[in-house]
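K.L.:
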Amino acid sequence: DTGVSQDPRHKITKRGQNVTFRCDPISEHNRLYWYRQTLGQGPEFLTYFQNEAQLEKSRLLSDRFSAERPKGSFSTLEIQRTEQGDSAMYLCASSRRGGGNEQFFGPGTRLTVL
Amino acid sequence: DAKTTQPNSMESNEEEPVHLPCNHSTISGTDYIHWYRQLPSQGPEYVIHGLTSNVNNRMASLAIAEDRKSSTLILHRATLRDAAVYYCILRGNDFGNEKLTFGTGTRLTIIP
Chain A
1 DTGVSQDPRH KITKRGQNVT FRCDPISEHN RLYWYRQTLG QGPEFLTYFQ NEAQLEKSRL
61 LSDRFSAERP KGSFSTLEIQ RTEQGDSAMY LCASSRRGGG NEQFFGPGTR LTVL
Chain B
1 DAKTTQPNSM ESNEEEPVHL PCNHSTISGT DYIHWYRQLP SQGPEYVIHG LTSNVNNRMA
61 SLAIAEDRKS STLILHRATL RDAAVYYCIL RGNDFGNEKL TFGTGTRLTI IP
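So the sequence lines, in the order shown, correspond to chains A and B.
Counting in the numbering used here, the first sequence runs from 1 upward without gaps.
Counting in the numbering used here, the second sequence runs from 1 upward without gaps.
#1: Do Q6/B and T109/B have their C-beta atoms within less than 9 Å of each other?
#2: Look up R107/B in the DSSP assignment and say whether it is helix, strand or coil.
#3: Could you tell me whether any Cβ in chain B is nearer than 9 Å to the Cβ of G100/A?
#4: Classify D82/B as helix, strand or coil using the three-state DSSP reduction.
#5: Which term fits K3/B, buried or exposed, when burial requires 16 or more other beta carbons within 10 angstroms of its beta carbon?
#6: Just the chain A side, please: which residues come within less than 8 Å of H49/B by C-beta, in chain order?
#7: For the beta strand (DSSP E) containing K3/B, list its first residue and its last residue.
#8: If you check the beta carbons only, do Y33/A and F21/A fall under 9 Å apart?
#9: Ordered along the chain, which non-local residues of its own chain (more than five positions away) have a Cβ less than 8 Å from that of H49/B?
#10: So which residues of chain E does T101/B contact, with C-beta pairs closer than 8 Å?
#11: Hey, would you say S12/B sits closer than 9 Å to L75/B, going by beta carbons?
#12: Please go through the segment 19-65 of chain A and give each complete beta strand (DSSP E) segment of 3 or more residues, from N-terminal end onward.
#13: When you compare only the Cα positions, how much space is there between P8/A and S62/A?
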């Protein structure tokens, strides 16, 4: 399977714990995006990378959130001191550069904070 | 971010064509019109995109108005597997404007 993969698919944690999610994009894609989706809403942009450079961060991305793409391949999204409001589906997507290229989404990681 | 307006929900009979409208009156000259859909419990899936001319692919057709202020996604023969939320999104081609800004989309229900 050469699509976008995410790990884990589900994560249940207690409030205050740290969690880390991983995304493996399609190998030839230099753009990687993170989105968050809550129930009944469309996905909301969090951040994106071109290769290893983080180019934009949404105001939704508080100081407790950090994302990396160390070698321009896979990416990690870490949430520190989780809160119940962080419960959501975290989606990763990748694409080639340019607005005329489609984004390919992974299956998402569903986070539940108790 | 340029915004789009879609109906909240639509219904269609199975094996009938479906026309999903989208208004984007503030579109800029370099914005692409993208359509994605999201099936239950899955990540969004690319459907089709265009800039000025109508587009066809194996999944659907995209009809773009001459002034580009509206577009219509056409599913030629709806199946039960087409039941999903469909998002119409404007995607910029400028550096920093390539992210997708999702609205609430149109929830399409297919009636057997």
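Beta carbons are placed, not taken as given, at the ideal position from N, Cα and C, and that holds for glycine.
P.N.:
A quick look at the data gives this:
#1: Against the second sequence, residue 6/B aligns to sequence position 6. Against the second sequence, residue 109/B aligns to sequence position 109. By the CB criterion at 9 Å, Q6/B and T109/B fall outside the cutoff.
#2: As a first step, residue 107/B is located in the second sequence; it is residue number 107 there, counting from the start. Annotated three-state conformation of R107/B is strand, per DSSP.
#3: In the first sequence, residue 100/A corresponds to position 100, counting from 1. Answer yes: the Cβ-Cβ gap between G100/A and chain B drops below 9 Å somewhere.
#4: Position 82 of the second sequence, counted from the first residue, corresponds to residue 82/B. The answer is helix: DSSP assigns D82/B an H, G or I state.
#5: Here the question's residue 3/B lines up with position 3 in the second sequence. Burial check for K3/B: the Cβ neighbour count within 10 Å stays below 16, so the residue is exposed.
#6: Translated into positions along the second sequence, residue 49/B becomes position 49. Within 8 Å Cβ-Cβ: G100, E102.
#7: As a working note, residue 3/B is residue 3 in the second sequence. Note, K3/B: premise wrong, no beta strand (DSSP E); not H, not E.
#8: Reading the first sequence from its first residue, position 33 is the one you call residue 33/A. Reading the first sequence from its first residue, position 21 is the one you call residue 21/A. No; because the gap between Cβ atoms is not below 9 Å, this pair is not in contact.
#9: Numbered from its first residue, the second sequence carries residue 49/B at position 49. Closer than 8 Å at the Cβ level, and outside the excluded window around H49/B, lie Y32, I33, H34, W35, V55, L62, R91.
#10: Absent from the structure: chain E. Protein chains present are A and B.
#11: For this step, residue 12/B is matched to residue 12 along the second sequence. For this step, residue 75/B is matched to residue 75 along the second sequence. A contact, by the Cβ cut-off of 9 Å.
#12: List check, beta strand (DSSP E) in window: 19-24, 31-37, 44-50, 53-57.
#13: Working through the first sequence from its first residue, we reach residue 8/A at position 8. Working through the first sequence from its first residue, we reach residue 62/A at position 62. Rounded to whole angstroms, P8/A and S62/A show a C-alpha spacing of 22 Å.
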